[in-house]
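Here the structure is laid out as structure tokens; the discussion comes afterwards.
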Amino acid sequence: MAGLLTPDITAKIGQANPTIHVEVTRRDIQKYAVSTGQTAKKYLDGDEAPPLFHFGYSMEILPPEKLRHDGIAEDKLIPPLPLKRVMAGSSDTVYHRPIRPGDKIKMTRRLKDIYEKEGKTGPLIFVVTEVVVESEDGEPILNETTSLIAR
Amino acid sequence: MLRYEDITVGSELPSRDHTATIVQLFMYNAAIWNPHRIHFDHAYATEEEGYDAIVLDGPLQGDWIGQIVTDWIGEDATLVSFGYANRRAAFLGETMTAGGQVEEKNDDAREVKISLYLKNAQGDVTIPGHALVRFN
Numbered sequence: 108m109a110g111l112l113t114p115d116i117t118a119k120i121g122q123a124n125p126t127i128h129v130e131v132t133r134r135d136i137q138k139y140a141v142s143t144g145q146t147a148k149k150y151l152d153g154d155e156a157p158p159l160f161h162f163g164y165s166m167e168i169l170p171p172e173k174l175r176h177d178g179i180a181e182d183k184l185i186p187p188l189p190l191k192r193v194m195a196g197s198s199d200t201v202y203h204r205p206i207r208p209g210d211k212i213k214m215t216r217r218l219k220d221i222y223e224k225e226g227k228t229g230p231l232i233f234v235v236t237e238v239v240v241e242s243e244d245g246e247p248i249l250n251e252t253t254s255l256i257a258r
Numbered sequence: 087m088l089r090y091e092d093i094t095v096g097s098e099l100p101s102r103d104h105t106a107t108i109v110q111l112f113m114y115n116a117a118i119w120n121p122h123r124i125h126f127d128h129a130y131a132t133e134e135e136g137y138d139a140i141v142l143d144g145p146l147q148g149d150w151i152g153q154i155v156t157d158w159i160g161e162d163a164t165l166v167s168f169g170y171a172n173r174r175a176a177f178l179g180e181t182m183t184a185g186g187q188v189e190e191k192n193d194d195a196r197e198v199k200i201s202l203y204l205k206n207a208q209g210d211v212t213i214p215g216h217a218l219v220r221f222n
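Residue numbers (my numbering), protein chains in the order written: chain B, 108 to 258; chain F, 87 to 222.
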């Protein structure tokens with residue numbers, strides 16, 4: 108094992124970003140539905156959000172001068188990794204109920220795990236995060252687990 | 087109407103082609119508030135990051151395979167879980183084909199497990215995925 112993960116990195120495991128609070132609007136759902144090429148009327152009319160609609164809520168709203176040169180906001184949850192090439196990302200979501208217009212929801216993203224493995228071509232670092240979306244009343248809406256691999 | 091009893095393991099879900107335009111990609115990144123330059127700045131994507139062209143967002147491609155499921159079930163079943171992985175890049179101008187296949191049926195739970203794919207014109211899968219749906 109290469110021992111790439113320093114205590115500074117592993118200390119971040121379990122930490123969460125500040126919870127985001129959102130009031131879902133029909134117009135936001137309609138924009139998402141049209142731009143993704145949905146055909147279902149309930150999505151195009153904004154009566155219900157498509158399954159990956161919540162993804163946009165994870166994007167921090169920052170002025171241009173606060174973004175990196177590539178246009179991305181610094182990810183405060185994932186510490187700088189000693190391996191820089193991100194190979195693959197994946198997303199797995201369990202749904203409890205759809206998001207609808209007028210919903211007041213809260214979303215929290217937490218760093219679940221960072222671990223390393225020896226791959227065929229060298230060391231790999233796995234980063235796992237969990238996104239929990241629920242209503243302001245605490246009704247579960249969805250749980251998403253994302254992972255990325257750096258080498 | 088889609089009935090649980092009529093679904094057979096191994097059967098294919100209706101596939102669909104997507105060819106994103108620069109306008110659609112702009113609308114998508116505006117809708118999700120994504121200012122990552124590889125999705126709208128051709129000179130940046132090709133000259134500074136070395137891509138062949140403007141890059142299609144992974145979650146947009148993930149959405150396309152999700153639609154294979156939501157279009158198939160309509161109101162006849164509910165989506166229990168859905169996942170996708172980014173395997174390789176896809177570019178503006180490419181026609182991507184989304185599709186899926188029934189992998190398993192669970193009669194007790196009335197659930198159907200589906201495998202999903204998004205592939206380019208060469209047949210390379212850029213985004214594999216999976217979904218579980220439940221019938222009443």
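Even for Gly, the Cβ is constructed at its ideal location relative to N, Cα and C.
None of these values were measured; they are calculated from a predicted model.
- Proximity of chain F to Leu190(B) at the Cβ level (cut-off 9 angstroms) is not reached, the minimal Cβ distance being about 17 angstroms.
- When secondary structure is reduced to three states using DSSP, His128(F) falls in the helix class.
- As the crow flies, the alpha-carbon of Glu134(F) is around 34 angstroms from that of Phe168(F).
- Across the set Ile212(B), Val201(B) and Val235(B), the C-alpha of Val201(B) shows the shortest separation from the C-alpha of Glu251(B).
- By the criterion of a C-beta distance shorter than 8 angstroms, His128(F) is surrounded in its chain by Ala139 and Ile140, once the five residues flanking it on both sides are discounted.
- Scanning chain F for C-beta atoms nearer than 7 angstroms to the C-beta of Thr143(B) yields Tyr114, Leu146 and Asp149, reported in chain order.
- For Thr200(B), the neighbours in chain F by C-beta distance under 7 angstroms run, in chain order, Ser167, Phe168 and Gly169.
- Residues of the segment 228-250 of chain B whose Cβ lies closer than 8 angstroms to any Cβ of chain F: none.
- Distance from the CA of Pro205(B) to the CA of Pro114(B), rounded to the nearest whole angstrom, comes to 39 angstroms.
- For Ala180(B), the CB contacts under 6 angstroms within the same chain, skipping 5 residues up- and downstream, are Glu167, Leu169 and Leu174 in chain order.
- What Ile168(B) touches in chain F, judged by beta-carbon distance under 8 angstroms, is Trp119, going in chain order.
- At a cut-off of 8 angstroms between beta-carbon atoms, Ala147(B) makes contact with chain F.
- Straight-line spacing of the CA atoms in Glu197(F) and Gly185(F) works out to 19 angstroms.
- Between Thr164(F) and the set Thr181(F), Leu218(F) and Ile200(F), the nearest pair of CA atoms involves Leu218(F).
- Under the Cβ distance rule, Gly152(F) counts among the residues neighbouring chain B, one pair being separated by less than 8 angstroms.
- Membership of Phe112(F) in the alpha helix (DSSP H) is indicated by the continuous run Ile108 to Ala117.
- Burial check for Phe126(F): the Cβ neighbour count within 10 Å reaches 16 or more, so the residue is buried.
- Glu223(B) has its alpha-carbon roughly 39 angstroms from the corresponding atom of Gln145(B).
- Taking 8 angstroms as the cut-off, the beta carbon of Leu99(F) is found no closer than this to the beta carbon of Trp150(F).
- For the segment 114-172 of chain B, the continuous beta strand (DSSP E) assignments of 3+ residues that do not extend past its boundaries occur at 127-130, in sequence order.
- With 16 or more other Cβ atoms inside 10 Å of its own Cβ, Ile124(F) counts as buried.
- Val166(F) places its beta carbon less than 8 angstroms from that of Arg220(F).
- Nearest in C-alpha terms to Gln187(F), of all of Ile200(F), Ala176(F), Thr181(F) and Glu180(F), is Ile200(F).
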